[in-house]
Every structure is written in C-alpha cells, then in structure tokens.
DNA sequence: CTTGGGACCTGGCTGC
DNA sequence: TGCAGCCAGGTCCCAA
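Residue numbers (my numbering): 208 to 477.
Now the structure itself:
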C-alpha cells in the first residue's frame, strides 16, 4: 500500500522518464477515477501539455505542466503507475500516452485511487502537514502537537493534516522502534519518548525509501519491480510471529478499523 | 475543535 | 466445491 516511501520511489523512477514529455492522448476507462474536472475536460485539457516537473507531497504525486494546471494522482491502497507495460494489465483505469510513444498505465484493483487536474493544487494538498523527512518536522513540533491530545498516538500519526505521508505500516514500525504502545494516549507520552518517536519515524521512512518501498499487497514500481522494505518489517503485518527484539509473540489489535500490530512486551500501555 | 465510527472498494484468504 | 465473512487501509463524511 503506497505510503511515503512507496510514492517517493514511484516519483524518483518516473521523473527521469517523464520530464519534458508531452501528453498526446489520455484515455479514461473508469470515469470514477477522475475527481476534477469532468472526464472530457480532464482529457482535453491534458492533451498537448508538457511535463515540467514531478514532485511528491505526502502520498500524492504532482505533475507540474506547461499550462497553469497541475495533474495530481493519489494511488490509495491498490493503485499503480506502470511505464510501458509489456502486456495488457488487468484493472486498467486510465492510460496516459506521450509524444515519444511511451505511456503510463494507471491500474487500480480497488477503484479507490483518484486523479485531479487542479487549477490550484492547494485545493487537493493544501491541508497536509509537514513532510516527516523535511527540516521543519522537528521533535519540538511533534511534542507541541501531541500536548493535550487524548487520542491514541497511532491515530494521530495517521492524521495527514499533521504529518503527511505516514500510513498504517510505517506507523506500526515507528511505534515499535520507539517502544510506544499504539493505543497509548498522546498526552501520556514523555518528552524522552517523543524524541525517540521522532527519531524512529525518520529512521523507518529513510530506510524504506532506501529499500524502494514495501511490496505488501499491490505495490509495484513503474518498471514492474517490487520493493524490498517489507523484508525489514519488525511488527507490521507480523501478527503471531516473534518480536525480533525480545521474542514475544506480536499481537494484532484494532484501531479505527485498522489492523495494528505491536509487541506486548516492548510496547507497554502503562 | 476533538474523537471515533462507517463507507467506499474488491480480490484474496479462511473456515465451515 | 461453494460460499459467507473477514481482511487489507487512505480518505471522506458524519455524529457525539
């Protein structure tokens, strides 16, 4: 499931292949994926535009175009962007064709991914909090934000309006590294733990970017390769298996209808 | 404003 | 073998 490291990998691998390319034709096979504007407007306006730059913001991909608009893509859980796939892909929702004959195929098994052509990118990504790997995300910022909050720490880590890019898998990994129980109330977390958590978030995300993302479920890179970050997971999706730190059995609990994996020995609630 | 729950979506898996 | 039901989870929407 694409979170920050997965989207960052996709961006890095598409960037050198797409900058300077001009859209020749855009084909929408599932109208549901286009959020704004209408499907016909979306296709019409994109055709002829050249890609100037490609960036990631949180879990969103932003294509800066020669015109005034920005193409924004969110892959949600099961979306993928495939560069010149050799065979016809199942679950193809959209095809972007370029002037040099290359194409990007947007596939999405669960039909939850989304495309926007936005006049103002802030309408889509304006509410996102800081990038967790950027210099403005400090332990102080994290501490201040957690103060007085009653919600479980993991719920807050998943709030994109505070930190942009952390999802279920990397929240679990960071909380194990910092030895904090996912259900611990944010205002019960000590200053020392906040520092540890801040360090863990950055470490876990940097490591996963280096491993080109985690191929749990549907994540696949533009060239068809998988990421390897999941081989380094210590708790995420490892219910019933031994904790690599202490050997205790990793447990699964439910938070906001999401699976949360944790080590009952390393991550104590009280 | 904060918090929590459900909806969206569908393939894959488990268990009866 | 067939099928019901759970699981996966990012984001939006709504209610308390």
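Even glycine gets a Cβ: it sits at the ideal position worked out from N, Cα and C. Note that the structure is a prediction, hence the values are computed from the model and not measured.
Residues bridged to residue i [DSSP beta-bridge criterion]
i           : result
residue 352 : None; residue 352 has no bridge partner.
residue 299 : 314
residue 264 : 267
residue 233 : 303
residue 258 : 272
residue 449 : 456
residue 392 : 359
Supposed contact pair residue j and residue i - C-beta distance, whole angstroms, cut 8 Å
i           : j           : result
residue 353 : residue 396 : 6 Å
residue 226 : residue 254 : That pair is no contact at about 18 Å.
residue 443 : residue 468 : 6 Å
residue 379 : residue 284 : With 8 Å as the limit, residue 379 and residue 284 do not qualify as a contact, their Cβ atoms being about 16 Å apart.
residue 282 : residue 209 : 5 Å
residue 360 : residue 387 : 6 Å
residue 429 : residue 217 : 6 Å
residue 305 : residue 229 : 6 Å
residue 327 : residue 310 : Between residue 310 and residue 327 the Cβ distance is about 28 Å, and since that is not below 8 Å, they are no contact.
residue 269 : residue 277 : 5 Å
residue 279 : residue 332 : 7 Å
residue 242 : residue 322 : 7 Å
Endpoints, the alpha helix (DSSP H) within which residue i is located
i           : result
residue 415 : 398 to 417
residue 436 : Counting along the chain, residue 436 falls outside any alpha helix (DSSP H), and DSSP gives it neither H nor E.
residue 249 : 246 to 253
residue 219 : 211 to 225
residue 338 : From DSSP, residue 338 is part of no alpha helix (DSSP H); its letter is neither H nor E.
residue 345 : Premise fails: residue 345 is in no alpha helix (DSSP H) and is neither H nor E.
residue 379 : 375 to 384
Separation of residue j from residue i, as counted between CA atoms
i           : j           : result
residue 314 : residue 477 : 44 Å
residue 324 : residue 240 : 12 Å
residue 224 : residue 319 : 26 Å
residue 381 : residue 466 : 15 Å
residue 358 : residue 390 : 8 Å
residue 413 : residue 376 : 14 Å
residue 329 : residue 211 : 19 Å
residue 432 : residue 355 : 44 Å
residue 266 : residue 371 : 7 Å
residue 493 : residue 260 : As shown, the chain starts at 208 and ends at 477. That puts residue 493 outside it, with no answer to give.
residue 438 : residue 456 : 18 Å
residue 316 : residue 462 : 25 Å
residue 214 : residue 257 : 21 Å
residue 464 : residue 303 : 35 Å
residue 448 : residue 454 : 9 Å
residue 459 : residue 441 : 13 Å
residue 237 : residue 404 : 41 Å
residue 374 : residue 295 : 30 Å
residue 393 : residue 334 : 22 Å
residue 299 : residue 369 : 33 Å
residue 435 : residue 245 : 38 Å
residue 446 : residue 337 : 31 Å
residue 398 : residue 406 : 12 Å
residue 289 : residue 475 : 42 Å
residue 383 : residue 347 : 21 Å
residue 264 : residue 362 : 20 Å
residue 271 : residue 451 : 43 Å
Range covered by the beta strand (DSSP E) that runs through residue i
i           : result
residue 289 : 286 to 290
residue 278 : 277 to 281
residue 241 : 241 to 243
residue 324 : 321 to 325
residue 460 : 458 to 462
residue 468 : 465 to 469
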